[in-house]
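Trainee: So that we are looking at the same thing, I have put the structure below in structure tokens.
In UniProt numbering, the protein residues as written are 1 to 88.
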């Protein structure tokens, strides 16, 4: 991923972003080895995954509130995913 490393400070400002890059590479390696990614592609994947997780946790929090709790639990995530149709 030379293009991503080349931009360094511009693109990868936090350790979370480096872990995102590693995760993308690890998943992609299951399909094809020696793939390269443009920094814009990694940024798009990061934004999409963050948007998904934020939405999921918003729904999860609503499930916890509905159950008259302030702490989310795994069952709240499971319910939120089931309501969204992500899980059978």
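Glycine included, every Cβ here is placed at the ideal spot set by N, Cα and C.
#1: According to DSSP, is residue 67 part of a helix, a strand, or is it coil?
#2: Just the Cα atoms here: how many angstroms apart are residue 98 and residue 64?
#3: Mark residue 35 as exposed unless 16 or more other C-beta atoms lie within 10 angstroms of its C-beta, in which case mark it buried.
#4: Label residue 76 either buried or exposed according to how many other C-beta atoms from any shown protein chain fall within 10 Å of its C-beta, with 16 as the threshold for buried.
#5: When you compare only the Cα positions, how much space is there between residue 20 and residue 79?
#6: Return the chain-ordered list of same chain residues with a C-beta closer than 8 angstroms to the C-beta of residue 28, the five sequence neighbours on each side being excluded.
Mentor: Put simply:
#1: In the chain shown, counting from the first residue as 1, residue 67 sits at position 67. The answer is coil: DSSP assigns residue 67 none of H, G, I, E or B.
#2: No information on residue 98 is available, as it lies outside the stretch 1 to 88 that the chain covers here.
#3: Residue 35 sits at position 35 when you count from the first residue of the chain shown. Residue 35 should be labelled exposed.
#4: Taking the chain shown and counting its residues from 1, one reaches residue 76 at position 76. Counting Cβ neighbours within 10 Å, residue 76 comes out buried, since at least 16 surround it.
#5: Here residue 20 corresponds to residue number 20 of the chain shown, with the count starting at 1. Here residue 79 corresponds to residue number 79 of the chain shown, with the count starting at 1. Distance between the alpha carbons of residue 20 and residue 79 is about 27 angstroms.
#6: Residue mapping note: residue 28 aligns to position 28 of the chain shown, counting from 1. Excluding residues within five positions, the ones whose Cβ falls inside 8 angstroms are 35 and 37.
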